[in-house]
Amino acid sequence: MTKTVYVLNGPNLNLLGTREPQVYGSQSLADVEQLCAAACVRHGLALVFRQSNHEGALVDWIHEAGRLHATGQLAGVVLNAAAYTHTSVALLDAVKGTGVPLVELHISNVHARESFRHHSYLAAAARAVMCGFGVQGYALAIDGLAQW
Ligand code: DQA
Numbered sequence: 003m004t005k006t007v008y009v010l011n012g013p014n015l016n017l018l019g020t021r022e023p024q025v026y027g028s029q030s031l032a033d034v035e036q037l038c039a040a041a042c043v044r045h046g047l048a049l050v051f052r053q054s055n056h057e058g059a060l061v062d063w064i065h066e067a068g069r070l071h072a073t074g075q076l077a078g079v080v081l082n083a084a085a086y087t088h089t090s091v092a093l094l095d096a097v098k099g100t101g102v103p104l105v106e107l108h109i110s111n112v113h114a115r116e117s118f119r120h121h122s123y124l125a126a127a128a129r130a131v132m133c134g135f136g137v138q139g140y141a142l143a144i145d146g147l148a149q150w
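Heads up: the sequence shown runs through residues 3 to 150, numbered per the numbering used here.
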């Protein structure tokens with residue numbers, strides 16, 4: 003059975019490519035989707051790739067991934083919750099409530115940035131945390147969860 007990877011992106015990541023390129027690089031979210039699709043092909047995984055600026059949409063998609071997890075069809079979730087990483091108990095509860103295997107991902111090295119980016123509500127429920135590899139981190143995260 004082919005397992006599925008959910009790659010979920012939070013607020014402002016639709017602006018990738020033009021948003022603070024010195025921090026996030028010049029590749030667009032469509033480029034990131036291509037990287038993820040190529041990584042999934044390498045590992046024989048299906049890909050669901052989404053972005054929302056709305057916290058509740060991200061919660062709903064984690065629940066959706068959770069239903070696949072419950073039937074053994076989920077490889078894992080790569081979540082770049084963006085600013086919600088640092089604010090959202092709702093996303094933490096969604097991950098804990100569904101038990102989805104989670105990679106928390108950030109394009110930038112959040113620990114080298116403002117102190118408010120140093121705390122993550124998600125890290126406590128994540129199986130792995132990655133940051134600072136640029137957009138290539140998405141492919142590395144899929145390479146990693148494919149070994150689970
Ligand atoms: C980010 C880091 C967050 O602090 C920030 O709010 C983002 C993007 C990253 O990918 O580096 O929007 O998650």
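Here a beta-carbon is modelled for each residue, glycine too, at the ideal position from N, C-alpha and C.
For clarity, every value in this text was computed on a predicted model and none was experimentally measured.
Taken atom to atom, the span from the alpha-carbon of Arg69 to that of Arg129 is near 18 Å. Under the three-state reduction of DSSP output, Arg52 falls in the strand class. Counting only beta-carbon distances shorter than 6 Å to the non-hydrogen atoms of the ligand DQA, the qualifying residues in chain order are Asn14, Asn82, Ala84, Ala85, Thr87, His108, Ile109, Ser110, Val112 and Arg119.
Spanning the alpha carbons of Leu49 and Gly12 requires a straight line of approximately 17 Å. Three or more Cβ pairs closer than 8 Å define a contact, and the stretch 60-77 falls short of that threshold against the stretch 119-134. Between Met132 and Ala143 the beta-carbon gap is near 6 Å, inside 8 Å, which marks them as a contact.
Apart from the 5 residues on each side of it in sequence, Lys98 sits with its Cβ closer than 6 Å to the Cβ of Ala127 in its chain, given in chain order. With respect to Val105, Gly78 sits close: the two C-beta atoms are nearer than 8 Å. For Cys42, DSSP assigns no beta-bridge partner whatsoever. Under the three-state reduction of DSSP output, Thr6 falls in the strand class. For the set Ala96, Ala84 and Asp95, the Cα lying nearest the Cα of Ser110 is the one of Ala84.
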